[in-house]
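**Student:** My questions all concern the structure below.
In the numbering used here, the protein residues as written are 2 to 120.
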């Protein structure tokens with residue numbers, strides 16, 4: 002009779018891992034979208050902006066808002082991690098809202114059309 006040795010083959014199965022929490026990246030994505038929206042709104046502010054550029058800027062602002070909603074929804078999780086994390090997320094949300102407001106303000110006060118374009 003042939004007996005199998007008492008060996009555990011660890012290479013045969015995948016190592017158990019916690020699933021990746023992609024929603025934790027929402028605040029970072031909101032900051033990136035808001036920053037690009039603001040930079041895009043400032044880019045040709047004095048020289049005139051085309052409608053396509055304005056739509057792209059508004060799209061970036063709109064993309065940052067759902068990320069803020071996800072961040073607001075996760076406030077209880079940030080509170081459980083610590084008070085510093087919660088305060089940091091609140092400050093980050095205020096900054097993103099302010100930058101989005103600046104981007105929309107720049108769009109509303111910008112000259113529409115390609116007047117004295119450099120490129």
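All C-beta atoms in this analysis are idealised placements derived from N, C-alpha and C, irrespective of residue type, glycine included.
On the premise that residue 104 lies in contact with residue 39, defined as a C-beta separation below 8 Å, what is that separation, rounded to the nearest angstrom?
**Tutor:** Here residue 39 refers to the residue found at position 38 when the chain shown is read from its first residue. Here residue 104 refers to the residue found at position 103 when the chain shown is read from its first residue. Right, their Cβ atoms sit about 5 Å apart.
**Student:** Once you ignore the five residues that flank residue 93 on each side, which residues in its own chain have a CB closer than 6 Å to its CB?
**Tutor:** Position 92 of the chain shown holds residue 93. Closer than 6 Å at the Cβ level, and outside the excluded window around residue 93, lie 28.
**Student:** From 45, 68 and 51, pick the residue whose C-alpha is nearest to that of residue 33; which is it?
**Tutor:** Here residue 33 corresponds to residue number 32 of the chain shown, with the count starting at 1. If we check each option's Cα against that of residue 33, 68 comes out closest.
**Student:** Could you tell me whether the Cβ atoms of residue 37 and residue 61 are closer together than 7 Å?
**Tutor:** By 1-based counting over the chain shown, the position of residue 37 is 36. By 1-based counting over the chain shown, the position of residue 61 is 60. Cβ distance < 7 Å, so residue 37 and residue 61 count as in contact.
**Student:** For residue 101, is the classification buried or exposed, using 16 other Cβ atoms within 10 angstroms of its Cβ as the cut-off for buried?
**Tutor:** Here the question's residue 101 lines up with position 100 in the chain shown. Buried: at least 16 other Cβ atoms inside 10 Å.
**Student:** Using the C-alpha atoms, what's the distance from residue 87 back to residue 23?
**Tutor:** Position 22 of the chain shown, counted from the first residue, corresponds to residue 23. Position 86 of the chain shown, counted from the first residue, corresponds to residue 87. Computed Cα separation, rounded: 18 Å.
**Student:** For residue 49 and residue 106, what's the separation of their Cα atoms in angstroms?
**Tutor:** Mapped onto the chain shown, residue 49 falls at position 48. Mapped onto the chain shown, residue 106 falls at position 105. So the alpha carbons of these two residues sit roughly 15 Å apart.
**Student:** Can you tell me the Cα-Cα spacing of residue 85 and residue 73, whole angstroms?
**Tutor:** Here residue 85 is taken as the residue at index 84 of the chain shown, counted from 1. Here residue 73 is taken as the residue at index 72 of the chain shown, counted from 1. The straight-line gap from Cα to Cα measures roughly 15 Å.
**Student:** Quick one: give me the first and last residue of the alpha helix (DSSP H) that residue 88 is part of.
**Tutor:** Here residue 88 refers to the residue found at position 87 of the chain shown. Where residue 88 is concerned, the enclosing alpha helix (DSSP H) stretches over 84 to 110.
**Student:** How many angstroms separate the CA atom of residue 82 from the CA atom of residue 21?
**Tutor:** Locating residue 82 in the chain shown gives position 81, where the first residue counts as 1. Locating residue 21 in the chain shown gives position 20, where the first residue counts as 1. C-alpha separation (whole angstroms): 18 Å.
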